[in-house]
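By the count of this note's numbering, the sequence shown reaches residue 284 at its end, each step adding exactly one. Some notes on the structure that comes next.
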Amino acid sequence: MNQYKVVLLDADMTLLDFHRSEREALSKVLAAHGLPCGGGVIAAYSEINDGLWKAMARGETTQSALVVERFARLVKLLGSSEDPEVLNREYEQGLGREGHLLPGALEFCQRLRDGGLELAIATNGLPAAQWGRYRGTGLDRVVPHLLVSVELGAQKPQKEFFDRALAALGVSDRSTVVMVGDGLETDILGANRAGIDSIWYDPAGKPLSGPAVPTFTAASYDGICALLLG
55 MNQYKVVLLD ADMTLLDFHR SEREALSKVL AAHGLPCGGG VIAAYSEIND
105 GLWKAMARGE TTQSALVVER FARLVKLLGS SEDPEVLNRE YEQGLGREGH
155 LLPGALEFCQ RLRDGGLELA IATNGLPAAQ WGRYRGTGLD RVVPHLLVSV
205 ELGAQKPQKE FFDRALAALG VSDRSTVVMV GDGLETDILG ANRAGIDSIW
255 YDPAGKPLSG PAVPTFTAAS YDGICALLLG
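In structure tokens:
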């Protein structure tokens, strides 16, 4: 597999424990506004949020709209009059302070870097949250590039996201690039559209579904390293 020189890495649930970050940041924001912040509320928010991100991947909404809409739906569910824009802004800031790596993620990146691969995180996440966690977890000392959809002006799975990401990295030969991520509808479908290879990171053993076709599938960081480092 030594054809690859550049590895694009998804952030949330590939390297970062987004569920923990979401739970802790959201609980603090809701509590600060006197809103319920128990497990049921967090689960309801997660369902709303996940649905909107999937809708964005299908081209049905935009990132700027969804981040406010998720809180608009939540405050309506809670019967609250809190301002969704304020809640979202505070949540994004809090999320940036709640950086938690998945077990073994930093060591995984170090192995790829030490193997001579150029690494870049390619994420649909929000800038304040992603930059805060990138620096706070120490990923910035191992992975030299962070490419965020808002800053690129396009999001996964759009081909334009990958076009702009590769341009930012100065890469012209797409056969040397591989996308690694857990998202079939974002990471893998986007790689398909951009004409680059992909590794679907699937530690839970989920069945392949939808139109996305990964080049490879791996259930662990060791499995990814075996594919990329031989």
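Even glycine gets a Cβ: it sits at the ideal position worked out from N, Cα and C. These numbers come from a predicted model, not from an experiment.
Per DSSP, residue 73 is paired with what?
For residue 73, which the question treats as bridged, DSSP gives no partner whatsoever.
Quick one: using the 10 Å Cβ neighbour count with 16 as the cut-off for buried, is residue 178 buried or exposed?
Buried, by the Cβ-count rule.
Count the C-beta pairs between the stretch 253 to 265 and the stretch 237 to 244 that are closer than 8 Å, then say yes if the count reaches three, no if not.
Yes, the stretch 253 to 265 is in contact with the stretch 237 to 244.
For residue 110, the first and last residue of its enclosing alpha helix (DSSP H)
Its alpha helix (DSSP H) spans residues 93 to 111.
Per-residue burial, residue 262 [other beta carbons within 10 Å of its own, 16 or more giving buried]:
Per the 10 Å Cβ criterion, exposed.
Where residue 104 and residue 213 are concerned, what is the direct C-alpha to C-alpha distance, given to the nearest angstrom?
Spanning the two alpha carbons is a distance of roughly 22 Å.
In the structure shown, what three-state DSSP assignment does residue 136 receive?
DSSP, read as helix, strand or coil, puts residue 136 in coil.
Hey, how far is the Cα of residue 218 from the Cα of residue 206?
Distance between the alpha carbons of residue 218 and residue 206: 6 Å.
Beta-ladder partner(s) of residue 172, from DSSP:
Answer is 60, bridged to residue 172.
Residue 227 (DSSP reduced to helix, strand or coil)
The answer is coil: DSSP assigns residue 227 none of H, G, I, E or B.
With which residues is residue 233 paired in a DSSP beta bridge?
The secondary-structure analysis by DSSP pairs residue 233 across a beta bridge with 62, 252.
Just the C-alpha distance for residue 248 and residue 266, rounded to the nearest angstrom, thanks.
Taking the Cα positions, residue 248 is about 12 Å away from residue 266.
Secondary structure at residue 160, three-state DSSP: helix, strand or coil?
If DSSP states are grouped into helix, strand and coil, residue 160 belongs with the helices.
Contact between the stretch 173 to 190 and the stretch 141 to 154 is defined here as three or more beta-carbon pairs at a separation below 8 Å; is this criterion met?
Touching, yes, given that three or more Cβ pairs across the two stretches are closer than 8 Å.
Would you check if the stretch 122 to 137 and the stretch 83 to 95 touch, i.e. whether three or more CB-CB distances between them fall below 8 Å?
The stretch 83 to 95 vs the stretch 122 to 137: in contact.
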